[in-house]
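K.L.:
With full-length UniProt numbering applied, the sequence shown covers 1 to 290. The following block contains the structure, expressed as structure tokens.
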Amino acid sequence: MTSLDPAASPATLDRIRRHLVGLNMPRALEVIEHILRRIERGEISALEAIDTLLGEELTLREGRRVRSALKMGRLINIKTLSGFDFSFQPSLDRDRIMALAQLDFVDRHEAVHFLGQPGCGKTHLALALGVEAVKSGRSVYFATLADIVSSLAKAEREGTLRERLRFLCRPQLLIVDEIGYLPVISGGGNLFFQLVNARYERGAMILTSNRGFAEWGDVFGGTVVATALLDRLLHHAVVVQIEGASYRLRRHADLIPDNTRNRPINTSQPQPRRRGRPPKMTSTQTDTDL
């Protein structure tokens with residue numbers, strides 16, 4: 001190899017390459033000759049060359065970190081906010097969603113609820129915010145409600161419930177998808193309550209549901225457990241209701257029966273039954289301001 005810099009002998013270049021190998025800097029090793037040629041042509045200074053070399057390596061490592069964190073958090077189906085069609089869902093306040101992407105709700109250990117009919121973009125937005133959290137260095141875990149309850153029930157049978165709850169409390173952001181899509185197994189509501197209670201004011205959550213809060217008694221097997229869940233999940237909460245139609249079915253909207261389109265989501269809370277008394281609504285303050 002011809003010397004690209006009078007001050008850089010072949011022996012020196014070989015030593016630099018060995019150093020890069022020893023430091024496990026494959027990207028820097030890959031671009032070192034290109035950077036030296038840019039120095040030779042006077043395109044960059046020595047200081048800029050060092051900055052470029054380290055920047056290339058850092059970019060590679062950050063990409064690896066993000067990919068690993070996405071995999072560990074089960075964020076396999078990658079979604080982004082830039083890929084969300086806000087024009088199709090005019091009920092959504094784009095600025096409000098972008099404010100959520102600043103992730104202050106994660107630091108404040110709040111819960112974000114995305115409510116709406118199937119296909120309106122709830123899971124897309126939840127995943128996109130999860131991706132933003134991973135990029136920022138925060139830990140994230142994604143699962144459907146059915147998967148979470150199933151794993152908790154299995155742990156309870158095996159005597160490892162405490163360890164499973166501890167595992168699900170570790171991520172700074174827990175995303176619980178598809179609340180209301182499938183019936184919760186017997187005792188599942190109580191198990192999920194234990195998780196919510198363990199994370200309450202300690203970790204942030206994003207929850208997506210096609211059922212209004214008043215229907216959570218049906219989802220979780222009773223108004224008592226549903227009310228207890230909502231007492232914690234709505235204390236420090238941001239509720240985003242999406243009133244639009246299914247994006248997936250946009251080309252076949254004429255095939256959907258009229259009585260199933262845009263069914264409004266009821267965000268009121270379930271009314272627990274009390275003996276000898278009429279049902280009474282429990283008042284829970286919900287902070288929807290960012």
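Even glycine gets a Cβ: it sits at the ideal position worked out from N, Cα and C.
Which residues share a DSSP beta bridge with His113?
P.N.:
Beta-bridge pairing links His113 to Leu207 and Val239.
K.L.:
Roughly how many angstroms separate the alpha carbons of Thr80 and Ala69, rounded to a whole number?
P.N.:
Distance between the alpha carbons of Thr80 and Ala69 is about 16 angstroms.
K.L.:
Hey, would you say Ser133 sits closer than 8 angstroms to Leu233, going by beta carbons?
P.N.:
Residue 133 is actually Ala in this sequence, not Ser. No; because the gap between Cβ atoms is not below 8 angstroms, this pair is not in contact.
K.L.:
What span of residues does the beta strand (DSSP E) with Val176 cover, start to end?
P.N.:
Run containing Val176: Leu173 to Ile179, per the beta strand (DSSP E) assignment.
K.L.:
Where does Ala101 sit, in a helix, a strand or coil, going by DSSP?
P.N.:
Reduced to three states, the DSSP call for Ala101 is coil.
K.L.:
Taking only the alpha-carbon atoms, compute the straight-line gap between Trp216 and Arg164 and give it to the nearest angstrom.
P.N.:
Taking the straight line from one Cα to the other gives about 24 angstroms.
K.L.:
Specify whether the segment 112 to 119 and the segment 138 to 154 touch according to this definition: at least 3 beta carbon pairs, one from each stretch, less than 8 angstroms apart.
P.N.:
With a cut-off of 8 angstroms, the segment 138 to 154 and the segment 112 to 119 do not count as touching, because too few Cβ pairs lie within range.
K.L.:
Roughly how many angstroms lie between the CA atoms of Arg202 and Ser139, to the nearest whole one?
P.N.:
Roughly 14 angstroms between the two C-alpha positions.
K.L.:
By the 10 Å Cβ neighbour count, where 16 or more other Cβ atoms means buried, how is Thr227 classified, buried or exposed?
P.N.:
Burial call: buried.
K.L.:
Using a Cβ cut-off of 8 angstroms (strictly closer), state whether Asp177 contacts chain B.
P.N.:
Looking for chain B here will not work: only one protein chain is present.
K.L.:
Can you tell me which residues form a DSSP beta bridge with Ala143?
P.N.:
Paired residue(s): Val176.
K.L.:
Between which two residues does the alpha helix (DSSP H) harbouring Ala214 extend?
P.N.:
From DSSP, Ala214 is part of no alpha helix (DSSP H); its letter is neither H nor E.
K.L.:
Between which two residues does the alpha helix (DSSP H) carrying Thr223 extend?
P.N.:
Residues Thr223 to Leu233.
K.L.:
On a CA-only basis, which of Ser136, Arg108, Leu92 and Asp14 is nearest Leu125? Give me that one, please.
P.N.:
Of the listed residues, the one whose Cα sits closest to Leu125 is Leu92.
K.L.:
Apply the 10 Å Cβ neighbour rule to Ser136 and answer buried if 16 or more other Cβ atoms are within range, or exposed otherwise.
P.N.:
When all chains shown are included, Ser136 counts as exposed.
K.L.:
Could you tell me whether the Cβ atoms of Glu57 and Met25 are closer together than 8 angstroms?
P.N.:
Contact: yes.
K.L.:
Give me the Cα-Cα distance between Leu168 and Lys71, rounded to the nearest whole angstrom.
P.N.:
Their Cα atoms are separated by approximately 16 angstroms.
K.L.:
If you drop the 5 nearest sequence neighbours on each side, which residues of the same chain put their C-beta closer than 7 angstroms to that of Lys122?
P.N.:
Hits under 7 angstroms: Phe114, Gly116, Thr208 and Ile242.
K.L.:
Take Thr267 and list the residues in its own chain whose beta-carbon comes closer than 7 angstroms to its own, dropping the five residues that flank it on each side.
P.N.:
Counting only Cβ-Cβ distances below 7 angstroms, and skipping sequence neighbours, we find Leu115, Gly212, Phe213, Val239 and Gln241.
K.L.:
Could you tell me the alpha carbon to alpha carbon distance between Thr160 and Gly222, rounded to whole angstroms?
P.N.:
In a straight line, the C-alpha of Thr160 is about 26 angstroms away from that of Gly222.
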